[in-house]
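Numbering (my numbering), first residue to last: 11 to 218.
This is the structure in structure tokens:
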């Protein structure tokens with residue numbers, strides 16, 4: 011049992027390393043072309059929408075039993091018209107190297123690396139029910155205010171949550187009420203800072 015767990019950990023670590031390497035290569039190529047965000051969004055949509063609708067397509071592309079030629083043919087026929095040439099070429103590189111099974115990990119790593127480059131933090135908001143676009147925008151604004159930096163917000167649904175929300179910032183998980191307290195603390199600090207400036211100006215005015 012311990013050996014099986016150790017083997018799984020080794021595989022996961024190896025896949026994460028490969029994902030980071032390919033993600034860096036993808037970012038480098040798209041940065042030069044000036045289409046990084048567009049390509050990453052395409053990749054994320056491919057994983058969350060196309061593969062969600064066509065799970066057999068994903069299982070075929072990631073199966074070690076399916077040959078390289080068949081995977082390249084499938085990419086061209088089933089995905090070629092759905093994505094840009096830049097992303098299709100990248101997918102073909104992965105197919106030739108037998109690394110399409112790392113695609114989800116590559117997508118996560120690429121987004122994480124891009125956020126680090128741009129000084130953004132990844133935040134996941136978990137709620138009991140799906141959020142509308144207006145609610146997502148308001149949540150993003152509040153979270154950015156509370157955290158004091160730009161965020162990349164993703165949302166997910168957990169029907170077992172009874173009211174409230176859970177916020178995942180990087181590897182840390184907060185109850186939604188913590189964000190409210192952070193927001194209040196930041197507002198209080200801002201208010202105190204503004205008052206301090208006013209006091210300094212008053213002292214300057216009376217001394218002259």
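The C-beta atom is built at its ideal place from N, Cα and C for all residues, glycine as well.
What you are looking at is a predicted structure, and each value in this text was computed from that prediction instead of being measured.
Limits of the unbroken alpha helix (DSSP H) element including residue i
i: residue 69; result: 65-72
i: residue 76; result: Per DSSP, residue 76 belongs to no alpha helix (DSSP H) and is neither H nor E.
i: residue 178; result: No alpha helix (DSSP H) contains residue 178, which is instead part of the beta strand (DSSP E) from 175-179.
i: residue 170; result: Where residue 170 is concerned, there is no enclosing alpha helix (DSSP H), given that its DSSP letter is neither H nor E.
i: residue 132; result: That residue, residue 132, is in no alpha helix (DSSP H); its beta strand (DSSP E) goes 131-137.
i: residue 25; result: 12-43
i: residue 116; result: 113-128
i: residue 58; result: First-last for residue 58: undefined, no H or E at that position.
i: residue 151; result: 143-157
Inter-residue spacing [alpha-carbon to alpha-carbon] between residue i and residue j
i: residue 148; j: residue 160; result: 14 Å
i: residue 227; j: residue 155; result: Lying outside 11 to 218, the shown extent of the chain, residue 227 is not represented and no answer is given.
i: residue 12; j: residue 26; result: Any reading at residue 12 is ruled out, since the residue's pLDDT is 46, under 50, leaving its predicted position unreliable.
i: residue 109; j: residue 68; result: 13 Å
i: residue 65; j: residue 185; result: 33 Å
i: residue 135; j: residue 97; result: 28 Å
i: residue 56; j: residue 144; result: 24 Å
i: residue 170; j: residue 181; result: 21 Å
i: residue 77; j: residue 175; result: 45 Å
i: residue 123; j: residue 139; result: 30 Å
i: residue 86; j: residue 146; result: 35 Å
i: residue 44; j: residue 95; result: 14 Å
i: residue 79; j: residue 104; result: 12 Å
i: residue 102; j: residue 90; result: 10 Å
i: residue 106; j: residue 46; result: 22 Å
Pick from the options that is closest to residue i, judged by C-alpha positions
i: residue 118; options: 133, 105, 107; result: 133
i: residue 150; options: 163, 158, 114; result: 163
i: residue 141; options: 69, 61, 77, 168; result: 168
i: residue 126; options: 81, 37, 23; result: 37
i: residue 100; options: 177, 158, 24, 50; result: 50
i: residue 130; options: 179, 63, 42; result: 179
i: residue 114; options: 62, 88, 46; result: 62
i: residue 75; options: 88, 46, 111; result: 111
i: residue 166; options: 177, 54, 128; result: 177
Counted within 10 angstroms of its Cβ, other Cβ atoms place residue i as buried (16 or more) or exposed
i: residue 32; result: buried
i: residue 40; result: buried
i: residue 121; result: buried
i: residue 23; result: exposed
Cβ distance (whole Å) where residue i is taken to contact residue j below 8 Å
i: residue 29; j: residue 116; result: 5 Å
i: residue 72; j: residue 84; result: So it is not a contact: roughly 11 Å between Cβ atoms.
i: residue 93; j: residue 52; result: 5 Å
Continuous beta strand (DSSP E) stretch holding residue i: start and end
i: residue 103; result: First-last for residue 103: 95-106, but that is the alpha helix (DSSP H), not the beta strand (DSSP E).
i: residue 185; result: 182-185
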